[in-house]
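Below is one structure, written out as structure tokens; comments come after it.
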Amino acid sequence: MNFYDTYLMSSALMRNALHVAFVGDVSRLEPIKLARGELTPTKALVFKYKAGASGGTPCDLVSTDIAVIKLVSSRVTTLFEQFTGWSTFEVLVYGKDGRCLPGYRGLAITGRCGAIDNLRSTAIQKPPLAPRGRPYEAWVGLYFDESSWDGSHCFMPADKNYIFVTGDVKRSIEDAGASNFRFERLAEFERGVVEMSM
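Numbering (my numbering), first residue to last: 12 to 209.
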């Protein structure tokens, strides 16, 4: 396990990217179990362009109004066939023009590692975010017990819904030019003290 070649994968939140909203009763959805591959829906989940969203361009990674649920294109699922630790579930995605966009699937991460070990992170002082603001403390590094990792290319820690991927996954996505992905090295990832207690 190399924390400099393992990454937190998320949406790049591109300004023009399509963002969609779930159509249905969220309270009956159990989104965390879906995202962690612990539950498979019995029918396709429906997502539609979120009215008022700034973008409408379909990307290879589509974010939703349920933060833990990510949708990926057929290009991504084809790339992922060489990797372990993931599965998909059926979705219907409707774009800005109201048409159903083919090939999208909901992404579930089935690989696992242990809980985040906050004691291994490094505390640093950050400058104020505003001219009259105060400096604040941040922590650098997302670490876990290496022996707890199940060896999957795509995995989630036991206590958080972060998506971690190995360097091979990152490079495959970048080499293919897949859009709207963001990768941050675990060894360099910064987070606030408040987030660490969540």
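All C-beta atoms in this analysis are idealised placements derived from N, C-alpha and C, irrespective of residue type, glycine included.
Cut-off 6 Å between Cβ atoms - residues of its own chain near residue i, not counting five sequence neighbours on either side
{"i": "Arg202", "result": "Trp150"}
{"i": "Phe14", "result": "Leu197, Ala198"}
{"i": "Gly178", "result": "Asp16"}
Collapsed DSSP secondary structure at residue i in the structure displayed
{"i": "Pro42", "result": "helix"}
{"i": "Phe91", "result": "helix"}
{"i": "Glu157", "result": "helix"}
{"i": "Leu56", "result": "strand"}
{"i": "Met209", "result": "Unreliable placement is indicated for Met209, whose pLDDT of 41 sits below 50; no coordinate value is reported for it."}
{"i": "Arg86", "result": "helix"}
{"i": "Val34", "result": "coil"}
{"i": "Phe14", "result": "coil"}
{"i": "Ala62", "result": "coil"}
{"i": "Ala28", "result": "strand"}
Unbroken beta strand (DSSP E) run spanning residue i, endpoints
{"i": "Ser22", "result": "17 to 22"}
{"i": "Glu148", "result": "147 to 151"}
{"i": "Arg47", "result": "From DSSP, Arg47 is part of no beta strand (DSSP E); its letter is neither H nor E."}
{"i": "Arg202", "result": "201 to 203"}
{"i": "His164", "result": "From DSSP, His164 is part of no beta strand (DSSP E); its letter is neither H nor E."}
{"i": "Phe296", "result": "Outside the shown range of the chain (12 to 209) lies residue 296, about which nothing can therefore be said."}
Residue range of the alpha helix (DSSP H) that includes residue i
{"i": "Val180", "result": "178 to 187"}
8 Å Cβ cutoff met for residue i and residue j
{"i": "Leu103", "j": "Ala55", "result": "yes"}
{"i": "Gly125", "j": "Ala169", "result": "yes"}
{"i": "Ala189", "j": "Asp71", "result": "yes"}
{"i": "Tyr18", "j": "Phe194", "result": "yes"}
{"i": "Leu90", "j": "Ala187", "result": "yes"}
{"i": "Ser74", "j": "Leu24", "result": "yes"}
{"i": "Ser84", "j": "Gly117", "result": "no"}
{"i": "Ile120", "j": "Ile174", "result": "yes"}
Residues of its chain near residue i, where Cβ-Cβ distance is below 7 Å and the 5 sequence neighbours each way are ignored
{"i": "Val79", "result": "Pro42, Ile43, Ala46, Asn172"}
{"i": "Lys59", "result": "Val31, Ala32, Val34, Tyr105"}
{"i": "Gly67", "result": "Leu29, Tyr60, Gly106, Lys107"}
{"i": "Met207", "result": "A caution first: Met207 carries a pLDDT of 45, below 50, which makes its placement in the model unreliable, though a value can still be read off. Cβ within range, chain order: Asn129, Trp150."}
Cβ-heavy atom distance, residue i to the ligand GTP, below 7 Å
{"i": "Gly178", "result": "Only the bare structure without any ligand can be found here, which leaves the ligand GTP out of the picture."}
Same chain, Cβ closer than 8 Å to residue i, neighbours up to 5 away in sequence not counted
{"i": "Asp128", "result": "Tyr154, Phe155, Asp156"}
{"i": "Asp161", "result": "Gly96, Gly122, Arg123, Cys124"}
{"i": "Thr133", "result": "Trp150, Val151, Gly152"}
| request: Would you mind listing the alpha helix (DSSP H) stretches within the segment 64 to 144 that are 4+ residues and don't spill past its ends, in chain order? | output: 85 to 91
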